[in-house]
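Let me begin by presenting the structure, written as structure tokens, before commenting on it.
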Amino acid sequence: METRQYPFSGILPADALRELRHFLSRTGSPLPLADAIGTAITEWKARQPAVDQPHCGYQWKQLFLPSGTELRMSHKGRHYYARVHGDQLIYDRHAVSPRAMVLSIAGEGRNTWRDLWLHLPQEGNWINAARLRRLQTGQEQNQPCGPTAALSAAAQAMNQALKAAIILIEHVDYQSTTVLERRLPKNRRSVDLLEDID
Numbered sequence: 066m067e068t069r070q071y072p073f074s075g076i077l078p079a080d081a082l083r084e085l086r087h088f089l090s091r092t093g094s095p096l097p098l099a100d101a102i103g104t105a106i107t108e109w110k111a112r113q114p115a116v117d118q119p120h121c122g123y124q125w126k127q128l129f130l131p132s133g134t135e136l137r138m139s140h141k142g143r144h145y146y147a148r149v150h151g152d153q154l155i156y157d158r159h160a161v162s163p164r165a166m167v168l169s170i171a172g173e174g175r176n177t178w179r180d181l182w183l184h185l186p187q188e189g190n191w192i193n194a195a196r197l198r199r200l201q202t203g204q205e206q207n208q209p210c211g212p213t214a215a216l217s218a219a220a221q222a223m224n225q226a227l228k229a230a231i232i233l234i235e236h237v238d239y240q241s242t243t244v245l246e247r248r249l250p251k252n253r254r255s256v257d258l259l260e261d262i263d
């Protein structure tokens with residue numbers, strides 16, 4: 066039996082090489098062994114799940130948008146889309162900032178956080194950029210979660226507003242009485258009093 070040496074003999078297991086060679090000869094494949102190995106590696110790589118690079122993405126102030134995030138803005142009945150590729154935000158085939166995207170669509174006078182909606186990879190729904198920013202910075206935790214919580218928060222806010230109004234009224238009342246007392250004759254000097262002229 067003739068032993069043939071291949072450049073990849075020391076790299077790949079000998080049993081796997083022998084089995085592949087026998088398979089190719091049994092099936093009558095005209096493919097050389099090196100090409101069959103290359104095709105097998107290419108097929109194996111294609112069947113592997115895509116490996117996302119979690120460190121790639123666009124940093125928008127305190128909000129991190131991972132690669133693959135879609136941005137959407139609606140203006141005058143039309144939808145405009147951008148996508149994060151690697152560490153760049155691409156809109157209309159150009160790398161832009163979210164603010165530049167909003168300016169090119171609608172011009173000045175728009176709030177970028179309020180106008181942009183985001184669709185993150187592996188998420189089902191679009192979310193407003195301002196809301197996602199509040200969620201990521203932890204500010205959203207203080208928001209009421211249901212009707213009862215909302216009513217309770219409203220009642221508490223009204224209670225605080227009423228207490229502030231009472232303190233303000235007491236202050237104004239105090240100021241007005243002190244001014245009035247200053248004008249009474251008992252608090253005036255005799256030289257400050259004018260005589261009544263008939």
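Position one of the sequence shown corresponds to residue 66 (my numbering), numbered consecutively onward. Don't be surprised by glycine CBs; every beta carbon is placed ideally from N, CA and C. Note that the coordinates shown come from a computational prediction; the quantities given were computed from them, not determined experimentally.
By the neighbour-count definition (other C-beta atoms within 10 Å, threshold 16), Val167 is a buried residue. Arg143: member of the beta strand (DSSP E) spanning Arg143 to His150, first to last residue. DSSP, reduced to helix, strand and coil, places Ser162 outside both helices and strands of the structure shown, so it counts as coil. Excluding sequence positions up to five before and after His184, its CB lies within less than 6 Å of the CB of Glu135 and Trp191, all in the same chain and listed in chain order. In summary, Pro97 is exposed, with fewer than 16 beta-carbon neighbours lying within 10 Å of its beta-carbon over all protein chains present. Between the C-alpha atoms of Leu77 and Arg164 there is a straight-line separation of about 53 Å.
Counted as a single uninterrupted DSSP element, the alpha helix (DSSP H) harbouring His87 occupies residues Ala79 to Thr92. As the crow flies, the alpha-carbon of Ala222 is around 21 Å from that of Gly203.
CA-CA distance, His140 to Gly172, rounds to 11 Å.
Sequence-distant partners of Gln127 (beyond 5 residues in either direction) whose C-beta falls short of 8 Å from its own C-beta, in its chain, are Arg198, Gln201 and Thr202. Across the set Leu85, Gly93, Trp125 and Pro95, the C-alpha of Leu85 shows the shortest separation from the C-alpha of Ile106. Per DSSP, the unbroken alpha helix (DSSP H) holding Gln201 starts and ends at Ala194 to Thr202. In this structure, Ser162 and Val149 do not form a Cβ contact; the two beta carbons are roughly 12 Å apart against a cut-off of 8 Å.
The criterion of a C-beta distance shorter than 8 Å is satisfied by Arg137 and Tyr146. Distance check between Arg196 and each of Ile231, Ala220, Trp178 and Leu154 places Trp178 closest, using alpha-carbon atoms only.
Beta-carbon to beta-carbon, Leu89 and Ala81 are separated by about 13 Å, too far to satisfy the 8 Å threshold.
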